[in-house]
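Chemist: For what it's worth, the numbering used here labels the leading residue of the sequence shown as 1039, then goes sequentially.
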Amino acid sequence: MNCKVGRQFLDAYLDGELEIEKRLELEQHLNECPDCQKLLEQQQKFRVFFNANAPFYTAPDDLRARVRTTLEAQVQKRKIILLFRQPWLYAAALLVISLWLAWPLLFPGRDRYLVYDAALDHSRAKLLGRLYDVNSADPDVVKDWLTAKLGFTPPVVRPSDPQFQMQGGRVGVVRDRKVAAVVYKKNQDLISLFVWPAGNKPLPEKDWSVSGYQACTWNAANSNFVAISTLSDHDLDVFIDQIRDQLK
Ligand SMILES: [Zn+2]
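1. Closer than 6 Å: is that where the CB of ASP1073 sits relative to any heavy atom of ligand 1?
2. Which word fits GLY1189, buried or exposed, when buried means at least 16 other C-beta atoms lie within 10 angstroms of its C-beta?
3. Nearest-angstrom Cα distance between LYS1286 and ASN1257?
4. What are the start and end residues of the alpha helix (DSSP H) that includes THR1255?
5. What separation, rounded to the nearest whole angstrom, lies between the Cα atoms of ASP1182 and VAL1220?
6. Closest to VAL1172 by C-alpha separation, out of ALA1259, LEU1228, GLY1206, would be which residue?
7. Which same chain residues, not among the five before or five after ARG1215, have their C-beta less than 8 Å away from its C-beta?
8. Excluding the 5 residues preceding and the 5 following SER1174 in the sequence, name in chain order all residues of the same chain whose CB lies nearer than 7 Å to its CB.
9. Compare the Cα-Cα distances from VAL1194 to each of VAL1043, VAL1212, ILE1278 and report the closest residue.
10. Which residues in the same chain have their Cβ closer than 8 Å to the Cβ of LEU1269, if we skip the five residues on either side of it in sequence?
11. Provide the residue span of the beta strand (DSSP E) that contains ARG1196, from first to last.
12. For ligand 1, is there a heavy atom less than 6 Å away from the beta-carbon of GLY1054?
13. Which of the three DSSP states, helix, strand or coil, is assigned to SER1270?
14. From the DSSP output, which residues share a beta bridge with TYR1170?
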């Protein structure tokens, strides 16, 4: 290290900001060069003098506050910029958005499967001519029969409007579980009303259209209900209103 280069580093050396390699080089030069050694001592003396005599002013509170606010804002901005420079953040955001979009495809509503199963059970029973295994218009008879077959007591009611005739009941299968299926009729239209205990999975109140059937799901009296029929929307609504009235 020569004098010219060495003198450039004197300030940083005195501030203790010189990296270790440069510092060792400079110290070696200072040992060999009395001129630079002298310059260093002069600078040291000046610093001591300056520190002892320079006037010191306290910044007014509002200036101090403004400086602090500006600095903090800069730090926050920098933090945010740094955050957005992280590629993983984009990857994570993309994954969340993709999952959200794909969710209905990956996990189609279990409720829809329930309704499909119910429609399938109704359709199969109709084709086999076995819509009801107990043939009665008496809700108590149908309820007792179903209770004996199922191990739970389904709510069985008869609509007050005589145009909906109760036919009887059978054991249906929905999502691999035995459920009560109570059968009603209006003219040539048949209705299978599936019922089972809701547990902690209550069905939403919703109208469906599956496999050519009108369907409706709801939850009442701690039970899940799925009505499957070829009734018109309006007639199915009337039927369900009547069932719900009777359940109260
Ligand atoms: Zn020198």
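Ideal placement from N, C-alpha and C gives every residue a C-beta, glycine not left out.
Modeler: Well, looking at it:
1. yes
2. exposed
3. 13 Å
4. Run containing THR1255: none in the alpha helix (DSSP H); it sits in the beta strand (DSSP E), 1251-1258.
5. 12 Å
6. GLY1206
7. TRP1234
8. VAL1180, GLY1206
9. ILE1278
10. LYS1224, ASP1227, ILE1229, GLN1252, PHE1277
11. Taken as a continuous stretch (DSSP letters only), ARG1196 belongs to no beta strand (DSSP E), as it is neither H nor E.
12. no
13. coil
14. The partner list for TYR1170 (beta bridge, DSSP) is empty, contrary to what the question assumes.
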